[in-house]
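Line by line, the protein sequences are chains D and R. Using full-length UniProt numbering, you'd call the opening residue of the first sequence number 1 and step up by one each time. Using full-length UniProt numbering, you'd call the opening residue of the second sequence number 1 and step up by one each time. Each residue gets a CB set at the ideal place from its N, CA and C atoms; glycine is no exception.
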Amino acid sequence: SRLSWLDNSGLGFSLDYPTISLHAVSRDLNAYPWEHLYVMVNAKFEEEDAKEAPMAEGEEEEDSDDDIEPIAEFRFVPSDKSALEAMFSAMCECQALHPDPEDEDSDNDYEGEEYDVEAHELGQGDIPSFYTYEEGLSHLTAEGQATLERLEGMLAQSVSSQYNMAGVRTEDSVREFEDGMEVDIAPAVAGQFEDAEVDH
Amino acid sequence: MEVSHSVKERTIAENSLVILLQGLHGHVTTVDLRDESTATGRITNVDAFMNVRLSEVTFTDRQGTVSHLDELFITGRNVRYVHIPDEVDIRATIERQLQAIHRIRYFGGRDKGRKEFPRARH
Chain D
1 SRLSWLDNSG
11 LGFSLDYPTI
21 SLHAVSRDLN
31 AYPWEHLYVM
41 VNAKFEEEDA
51 KEAPMAEGEE
61 EEDSDDDIEP
71 IAEFRFVPSD
81 KSALEAMFSA
91 MCECQALHPD
101 PEDEDSDNDY
111 EGEEYDVEAH
121 ELGQGDIPSF
131 YTYEEGLSHL
141 TAEGQATLER
151 LEGMLAQSVS
161 SQYNMAGVRT
171 EDSVREFEDG
181 MEVDIAPAVA
191 GQFEDAEVDH
Chain R
1 MEVSHSVKER
11 TIAENSLVIL
21 LQGLHGHVTT
31 VDLRDESTAT
41 GRITNVDAFM
51 NVRLSEVTFT
61 DRQGTVSHLD
71 ELFITGRNVR
81 YVHIPDEVDI
91 RATIERQLQA
101 IHRIRYFGGR
111 DKGRKEFPRA
121 RH
């Protein structure tokens, strides 16, 4: 929920994501002698703060125009520059998780029923026809989570042996399940699949 | 064509002009920021919150200093303008993006295949 930078001794500082205006990977050695992650922050950093935060591998500049929004620039120079891509991507994902709460220009309030075009057209109310992996995980019930873990365990077992087909018990696969894991074909809840629609 | 994995983001995109920006993936263009700096580069991704990711960027800050960045991510909040390249057919782009969303939505067909959840009986 925050961007944190720590040096080897554990000293460091944090930035709140909503204050970050942009971030970038800079490999232009003419502009700055090391490849780094550049972060522009929409906030002011006072001299006192600059002293407390260790600047062993970072650099801070302050722009103190009063009538313009204050900005602070950070350049993070990792000891391993191949980490820059991962650092950049991680920040992109985190930024996407922090949409602008003060966004007045665009009406992003699409929670109303009339916007759920998918559901209406498919006649399913608030149940979507299918979930992609990322969004589906958060919708799992405890039972669904248990089922998922069991299925993934089964797949992991079957992948490790070429004689196994996923989920099918062969003579060889029985041996691998000797640690006591039962392959339960029956639904966990009686009648769970009774009303499933099977189209052929 | 990249469409978001998130139902929420697809809904937002479908109901706003951000869908046009999402159709610009791969194009080189200029983004003007709120603080009057500009970034010119190739659009890698635009999400529903108008966060823009660019590669091979020439960044001119508000003082006019030019720098080159391999990759740049601009928070949607800080975007003032996104220039639409001349070669882009705006209407065709929007229609293409909408089709991509509908392909995902109706994956497997409305009446074919096994549905994860039973359809409500009308």
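### Task
Pick helix, strand or coil for Tyr17/D, following the three-state DSSP scheme.
As a first step, residue 17/D must be located in the first sequence, where it is residue number 17. Judged by DSSP in its simplified three-state form, Tyr17/D adopts helix.
### Message
Just checking Leu84/D against the ligand GDP - is the residue's beta carbon closer than 7 Å to any of the ligand's heavy atoms?
### Response
Judged by which ligands are present, the structure shown has none, so any question about the ligand GDP falls away.
### Message
Taking CB distances under 8 Å as the criterion, tell me whether Met87/D reaches chain R.
### Response
Along the first sequence, one-based indexing puts residue 87/D at 87. Residue-level contact check: Met87/D does not touch chain R, since none of the beta carbons of chain R fall below 8 Å from its beta carbon.
#### Entry: Identity of the residue in Asp47/R, Ala48/R, Ser55/R and Val46/R nearest Thr40/R by Cα
In the second sequence, residue 40/R corresponds to position 40, counting from 1. With respect to the C-alpha of Thr40/R, the residue from Asp47/R, Ala48/R, Ser55/R and Val46/R having the closest C-alpha is Ser55/R.
### Query
At what residues does the beta strand (DSSP E) containing Ala92/R begin and finish?
Indexing the second sequence from 1 puts residue 92/R at position 92. Unbroken run through Ala92/R is the alpha helix (DSSP H), Ile90 to Arg105; no beta strand (DSSP E).
### Query
Are Ile20/D and Thr38/R touching if we call contact CB-CB under 8 Å?
Residue mapping note: residue 20/D aligns to position 20 of the first sequence, counting from 1. Residue mapping note: residue 38/R aligns to position 38 of the second sequence, counting from 1. Contact: no.
### Query
Got a sec: which bits of the stretch 4-30 of chain D sit with their beta carbon under 7 Å from any beta carbon on chain R, in order along the chain?
Cβ proximity to chain R below 7 Å picks out Ile20, Ser21, Leu22, His23, Ala24, Val25, Ser26, Arg27 and Asp28 from the stretch 4-30 of chain D.
### Query
Taking one C-beta from the stretch 55-69 of chain R and one from the stretch 82-94 of chain R each time, how about it: are there three or more such pairs within less than 8 Å?
With the cut-off at 8 Å, the stretch 55-69 of chain R and the stretch 82-94 of chain R do not touch.
### Task
Starting from Thr29/R, follow the alpha helix (DSSP H) in both directions and report where the run begins and ends.
The residue labelled residue 29/R in the question sits at position 29 within the second sequence. First-last for Thr29/R: Val28 to Leu33, but that is the beta strand (DSSP E), not the alpha helix (DSSP H).
### Task
Just the chain R side, please: which residues come within less than 7 Å of Glu69/D by C-beta, in chain order?
The residue given as residue 69/D occupies position 69 in the first sequence. By Cβ distance, chain R contributes Asp35.
### Query
Are the stretch 17-28 of chain R and the stretch 87-98 of chain R touching, with three or more C-beta to C-beta distances below 8 Å?
Short answer: they touch.
### Query
Would DSSP call Asn78/R helix, strand or coil?
Numbered from 1 along the second sequence, position 78 holds the residue referred to as residue 78/R. In the structure shown, Asn78/R sits in a helix (DSSP, three-state: H, G or I).
### Task
Specify, as a first and last residue, the run of the alpha helix (DSSP H) that Ile12/R falls within.
On the second sequence, residue 12/R is found 12 positions in, with the first residue counted as 1. Counting along the chain, the alpha helix (DSSP H) containing Ile12/R begins and ends at Val7 to Glu14.
### Task
Taking Gln95/D as the query, report the chain R residues whose CB atoms sit under 8 Å from its CB, ordered along the chain.
As a working mapping, residue 95/D is identified with position 95 in the first sequence. Ordered by position in chain R, the residues that pass the 8 Å Cβ test against Gln95/D are Asn51, Phe73 and Thr75.
### Message
Assuming Gly12/D and Leu3/D are in contact, meaning their beta carbons sit under 8 Å apart, how far apart are those beta carbons, in whole angstroms?
### Response
Within the first sequence, numbered from 1, the residue matching residue 12/D stands at position 12. Within the first sequence, numbered from 1, the residue matching residue 3/D stands at position 3. The pair is not a contact, with the Cβ atoms about 10 Å apart (cut-off 8 Å).
### Message
Can you pull the chain D neighbours of Asp47/R, defined as C-beta to C-beta under 8 Å?
### Response
The residue labelled residue 47/R in the question sits at position 47 within the second sequence. Per Cβ cutoff of 8 Å: Ala96.
### Query
Rounded to a whole number of angstroms, what is the C-alpha to C-alpha distance between Gly23/R and Ile43/R?
Sequence index remark: in the second sequence, residue 23/R carries index 23 (1-based). Sequence index remark: in the second sequence, residue 43/R carries index 43 (1-based). Near 10 Å, if we compare the C-alpha coordinates of Ile43/R and Gly23/R.
### Message
Out of Val52/R, Val28/R and Asn45/R, which one is the CA nearest neighbour of Val79/R?
### Response
Counting from 1 along the second sequence, the entry for residue 79/R is found at position 79. Checked all of Val52/R, Val28/R and Asn45/R; the closest Cα to Val79/R is Val52/R.
### Task
Anything in the stretch 143-155 of chain D with a Cβ closer than 9 Å to a Cβ of chain R? List those residues in chain order, please.
If the cut-off is 9 Å between Cβ atoms, the stretch 143-155 of chain D has nothing near chain R.
#### Entry: Complete alpha helix (DSSP H) runs within the stretch 63-100 of chain D (minimum length 4 residues, chain order)
Segments of the alpha helix (DSSP H) lying fully in the stretch 63-100 of chain D: 84-96.
### Task
Can you check DSSP and say which residues form a bridge with Asn45/R?
The residue given as residue 45/R occupies position 45 in the second sequence. Arg53/R, per the DSSP bridge assignment.
### Residue from Glu14/R, Asp32/R, Asn45/R and Val7/R with nearest C-alpha to His25/R
Taking the second sequence and counting its residues from 1, one reaches residue 25/R at position 25. Of the listed residues, the one whose Cα sits closest to His25/R is Asn45/R.
### Query
For His68/R, which residues in chain D fall below 9 Å Cβ to Cβ?
Stepping through the second sequence from its first residue, residue 68/R is reached at position 68. Near His68/R (Cβ distances below 9 Å), the residues of chain D are Ser26, Arg27, Asp28, Asn30 and Ala31.
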